[in-house]
Amino acid sequence: MMEHSKLTGIERELVLQYLIDGNVPVTLTPIEEELSSDSEDKELEIRSLTSQIFPVAIKGEHIKVKKNGEILLENPLQSVASFAGKTVKVEFYFNRVGLYFISPVKETKKGLTLLIPDQIERIADIEEDSDYDFSSVIYFDCKSRRDLNLKCIPENDIELFVRPVWKIIPLEYQKKAKDLLEVFVEQAKLEKNAGNGIQLIPVCKYLTEPHTNGLEAMENRVKPLSILFVDHERLVLGMESKACTFFVNEEYGIKLSFSIKRGPILTRDIFVTSIVNKIYRSADGLHSCVDFRYTTMQEEDLRFLYEKTTSTLFN
C-alpha cells in the first residue's frame, strides 16, 4: 500500500476512518509555503517558519475527527494555541507508515480546527549519507555475548577531532548548558572519571539544545546514535533516553572506522573493548549521553588514535 507519495482516494478514505476511530497522536509544525521556481508544475516548497519553531506533539485523546475531515483540537496546549491563523504540517503514523498533510489552523467558536485536505502524502524516506570521515559501530555486548551492531554517525553540527570550545553552544542555550556543566564537573571531582573534561562541552551542547526531528517514513525505525566526541581514550555518544539501554561499568566491543584520504587503504578499522564510564542526562530526561572509555586496544591503534586526536584537539 502507498507506494507513491500521494495517497489514492481509497487510501485516503482508509486513513480518514482510522483518524475518526480515534486516539491517533499527531505532530504539528508551523510552516510557510513557497512556490518553487525550479519546478515546472510549481509544487509547494515546505519549510519551518523560523529556526525557533519546533514540532508540537498532540495526544490522540485531545483530537476529535469528523466524517467531513474536520479536526477539532480539544484543550490545546499554549504552544498550539499560538498556531491559530498559521498553516501547519500535520504528521502521524498509519500502520507504521509516516503520513502528512498541510492545513491552516482556524479559530472557531468550538476552538481550534483543521481540515484534512484531499491530498495526503507519505513522508519521504531520507537516504542516509554514508560518506563519513569517521563512524563507529557498537557491535558486541560482552556481558550477554549478544551481537548489537548499533551504528553511530557524527552529530550534524559538532566537528570531531577539533578541540571543543564553549562558543559551539548557541548563546540562547548557554545558561542551561552552564548549569548542567556545573553539575557534571562536581560529579567528576567526586568520581574522578572525566579525564581532562573537554568532552563535557559537546555533551552539554547536545543535552541542552532542542532536537527537532519530525516523524520518519517508518515508525520505530532504529536510528543511528550520534557521535559527539572521540579521542584516544573515549568515545561519547548522544541518543534519546528511551534508546539508552546502557549501564555504567558494562563492557562492549566497538569498531572505530576512519576514512583514509591518501594511500592504498581506503579505510582503517580499529577494534576496541570499552566500558560505560558515565551516563549524562538532560534536565528533562529525554536525551542521554554515554561516555565509553576504552579498556583494550592494539598498541599501533592507540598510537594512530593518539596522533590523530592530540594533533588537532590540543593545537
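Each residue of the sequence shown is one higher than the last, beginning at 23 in the numbering used here.
Beta carbons: idealized from backbone N, C-alpha and C, even for Gly.
Computed from a prediction, not measured in an experiment: that's the story for all the values here.
Give the straight-line distance between the Cα atoms of residue i and residue j, rounded to the nearest whole angstrom.
{"i": "Leu57", "j": "Asp169", "result": "With a pLDDT of only 41 at Leu57, under 50, the local geometry of the prediction cannot be trusted, and the value read off the model is given with reservation. Straight-line Cα distance between these residues: approximately 48 Å."}
{"i": "Val119", "j": "Arg243", "result": "11 Å"}
{"i": "Glu92", "j": "Leu136", "result": "6 Å"}
{"i": "Ala305", "j": "Ser263", "result": "12 Å"}
{"i": "Ile180", "j": "Gln39", "result": "44 Å"}
{"i": "Phe251", "j": "Glu322", "result": "21 Å"}
{"i": "Ile249", "j": "Ile220", "result": "15 Å"}
{"i": "Met261", "j": "Glu177", "result": "10 Å"}
{"i": "Leu324", "j": "Leu308", "result": "34 Å"}
{"i": "Leu247", "j": "Leu172", "result": "7 Å"}
{"i": "Lys198", "j": "Ile175", "result": "25 Å"}
{"i": "Arg34", "j": "Pro126", "result": "19 Å"}
{"i": "Gly107", "j": "Glu194", "result": "27 Å"}
{"i": "Ser27", "j": "Ile138", "result": "17 Å"}
{"i": "Glu20", "j": "Ile160", "result": "No statement about residue 20 is possible, as the shown extent of the chain runs from 23 to 337 and does not include it."}
{"i": "Cys164", "j": "Phe268", "result": "12 Å"}
{"i": "Ile292", "j": "Lys88", "result": "57 Å"}
{"i": "Tyr328", "j": "Asp147", "result": "38 Å"}
{"i": "Phe206", "j": "Ser104", "result": "36 Å"}
{"i": "Phe123", "j": "Gly31", "result": "14 Å"}
{"i": "Val102", "j": "Ala239", "result": "24 Å"}
{"i": "Lys211", "j": "Thr332", "result": "24 Å"}
{"i": "Gly275", "j": "His84", "result": "45 Å"}
{"i": "Gln100", "j": "Ser166", "result": "46 Å"}
{"i": "Lys245", "j": "Lys131", "result": "42 Å"}
{"i": "Ile53", "j": "Gln196", "result": "27 Å"}
Using alpha carbons as the reference points, say which of the options lies closest to residue i.
{"i": "Gly217", "options": "Asn90, Asp43, Gly44 and Asn299", "result": "Asn299"}
{"i": "Lys330", "options": "Glu321, Thr230, Phe183 and Gly82", "result": "Phe183"}
{"i": "Lys200", "options": "Gln209, Lys211, Ala210 and Trp188", "result": "Trp188"}
{"i": "Val312", "options": "Pro232, Ala265 and Ile145", "result": "Ala265"}
{"i": "Gly133", "options": "Thr230, Tyr161, Lys86 and Leu172", "result": "Lys86"}
{"i": "Glu129", "options": "Tyr161, Arg144, Asp155 and Leu95", "result": "Leu95"}
{"i": "Val258", "options": "Val205, Glu238, His233 and Leu229", "result": "Leu229"}
{"i": "Leu288", "options": "Pro47, Asp155 and Phe105", "result": "Asp155"}
{"i": "Pro192", "options": "Pro186, Val225, Lys131 and Glu231", "result": "Glu231"}
{"i": "Ile190", "options": "Lys227, Ala210 and Leu203", "result": "Lys227"}
{"i": "Phe162", "options": "Glu273, Lys245, Leu202 and Arg144", "result": "Glu273"}
{"i": "Asn90", "options": "Asp253, Ile53, Pro98 and Asp140", "result": "Asp140"}
So, at 8 Å on beta carbons, what are the nonlocal neighbours of residue i in its own chain, with the 5 sequence-adjacent residues on each side left out?
{"i": "Glu255", "result": "Gly217, Arg315 and Tyr316"}
{"i": "Arg290", "result": "Ser279, Phe280, Ile282 and Phe326"}
{"i": "Asp63", "result": "Bear in mind that the predicted position of Asp63 carries a pLDDT of just 43, short of 50, making it unreliable; the figure below should be weighed with that in mind. There are no such residues."}
{"i": "Lys214", "result": "none"}
Per DSSP, what are the beta-bridge partners of residue i in this structure?
{"i": "Val258", "result": "Phe251 and Asp313"}
{"i": "Thr318", "result": "Thr295"}
{"i": "Val350", "result": "The structure shown does not extend to residue 350, since the chain is modelled only from 23 to 337, so the question has no answer here."}
{"i": "Asp28", "result": "Checking the sequence shown, residue 28 turns out to be Lys, not Asp. According to DSSP, which records beta bridges pairwise, Lys28 is partnered with Glu143."}
{"i": "Phe183", "result": "Looking at the DSSP assignment, Phe183 forms no beta bridge with any residue, so it has no partner."}
{"i": "Pro52", "result": "Val110"}
{"i": "Asp163", "result": "Arg168 and Tyr274"}
{"i": "Lys300", "result": "Asp313"}
Which of the three DSSP states, helix, strand or coil, is assigned to residue i?
{"i": "Val119", "result": "strand"}
{"i": "Ala79", "result": "strand"}
{"i": "Phe105", "result": "coil"}
{"i": "Lys128", "result": "strand"}
{"i": "Glu208", "result": "helix"}
{"i": "Lys197", "result": "helix"}
{"i": "Gln74", "result": "The pLDDT assigned to Gln74 is 48, lower than 50, so where the model puts this residue is not dependable; a value taken from the coordinates is nonetheless given after this. Coil at Gln74, not helix or strand."}
{"i": "Tyr40", "result": "helix"}
{"i": "Pro176", "result": "strand"}
{"i": "Thr267", "result": "coil"}
{"i": "Met307", "result": "Note that residue 307 corresponds to Gly in the displayed sequence, not to Met. Here Gly307 sits in coil by DSSP."}
{"i": "Thr230", "result": "helix"}
{"i": "Asp323", "result": "helix"}
{"i": "Glu213", "result": "helix"}
{"i": "Leu134", "result": "strand"}
{"i": "Arg290", "result": "strand"}
{"i": "Val343", "result": "An answer regarding residue 343 cannot be provided, because it is not within the stretch 23 to 337 covered by the chain."}
{"i": "Ile190", "result": "helix"}
{"i": "Lys245", "result": "coil"}
If I measure Cβ to Cβ from residue i and keep anything under 6 Å in the same chain, skipping five residues before and after, which residues do I get?
{"i": "Asn271", "result": "Ile297"}
{"i": "Met319", "result": "Val294"}
{"i": "Asn45", "result": "Gly82"}
{"i": "Pro224", "result": "Ile180, Pro186, Leu250 and Phe251"}
{"i": "Ile42", "result": "Val87"}
{"i": "Ile80", "result": "Val48"}
{"i": "Ser157", "result": "Ile175 and Ser279"}
{"i": "Arg303", "result": "Ser310"}
{"i": "Lys277", "result": "Val159, Tyr161, Asp291 and Phe293"}
{"i": "Pro98", "result": "Leu134"}
Below 7 Å CB to CB, which residues in the same chain sit around residue i once its five sequence neighbours on both sides are set aside?
{"i": "Val37", "result": "Leu29, Phe116, Leu121 and Ile142"}
{"i": "His233", "result": "His309"}
{"i": "Leu203", "result": "Leu222 and Cys226"}
{"i": "Ile145", "result": "Glu113, Gly120, Leu121, Tyr122, Leu237, Glu238 and Ala239"}
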